[in-house]
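A short write-up of the structure that comes next.
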Amino acid sequence: MNGFYTLTKRQGQGCTYIVEVKTGDLDWAGTSATVELRLCYNNTTCFVYIPDLTEFGLAGPSHKYFQRGNLDFFRILTTKNCHDVCRIRIGHDNAGIAPGWYLEYVKVEAYDGSVPKFENLFVVYQWIAEGQGYTLQLDVNHCPIIKATAAQFASVLPSSAI
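For what it's worth, UniProt numbering labels the leading residue of the sequence shown as 1, then goes sequentially.
Written out as structure tokens, the structure is:
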């Protein structure tokens, strides 16, 4: 098992995540690349991996997603209960004629049936591109930092360091 949730095509079996992706309104901001997304519920664990986000697009397969100024919506159905998404990892495969992408934000909403469970906004305002100091994958992390107690540190540090 890879640790990722099983995705389903049938509504009502688990949590529904609505993902809103805003591409910037700059020259060459849109991308021809395949965009992937991971949803994570803590600093280390991602539970949903989507290798091609367009497969979950609400505008249908003929729509051109991730183009300049677009606000695109995606529905991801899982077979499990909702998790609060506090971290995302989003990127692309750098394929196509114009793969560079200027991403403004990603918003993730979770629903248990029609009941809203949470909503998180991940502000990016950054290029996802190769070269010029950019990267093809971005981590946007809002997860709380868990502070270790002195006793927890003592159990992993050599006694000379205490």
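Yeah, the Cβ is synthetic: ideal placement off N, Cα and C, and Gly gets one too. Remember, predicted model here, so these are calculated numbers, not experimental data.
Item	Value
Any idea if Gly96 is buried or exposed, counting beta-carbon neighbours within 10 angstroms, 16 or more meaning buried?	exposed
Could you work out which residue in Trp101, Gly24, Pro144 is closest to Gly131 when comparing CA atoms only?	Trp101
Could you check which residue in Thr34, Trp28, Val21 has the C-alpha nearest to that of Asn94?	Thr34
Run through DSSP, which three-state label would Phe73 get?	strand
Under the DSSP definition of a beta bridge, which residues are partnered with Asp112?	Cys15, Val115
Could you round the C-beta distance between Cys40 and Cys86 to whole angstroms and report it? I think they count as a contact, below 8 angstroms.	7 angstroms
Could you give the first and the last residue of the continuous beta strand (DSSP E) run that contains Cys46?	46-50
Could you give the DSSP three-state label for Phe122: helix, strand or coil?	strand
In whole angstroms, what is the alpha-carbon distance linking Val124 and Val19?	14 angstroms
Hey, Glu109 and Glu119 are a contact pair by Cβ (cut 8 angstroms); roughly how many whole angstroms apart?	5 angstroms
Is the beta carbon of Ile90 sitting closer than 8 angstroms to the one on Leu138?	yes
Which of the three DSSP states, helix, strand or coil, is assigned to Thr54?	helix
In three-state terms, what does DSSP make of Ile90?	strand
Just to confirm my understanding: we take residue 171, look at its own chain, exclude 5 residues before and 5 after, and list those with CB closer than 6 angstroms. What are they?	Not covered by the structure: residue 171. The range shown for the chain is 1 to 162.
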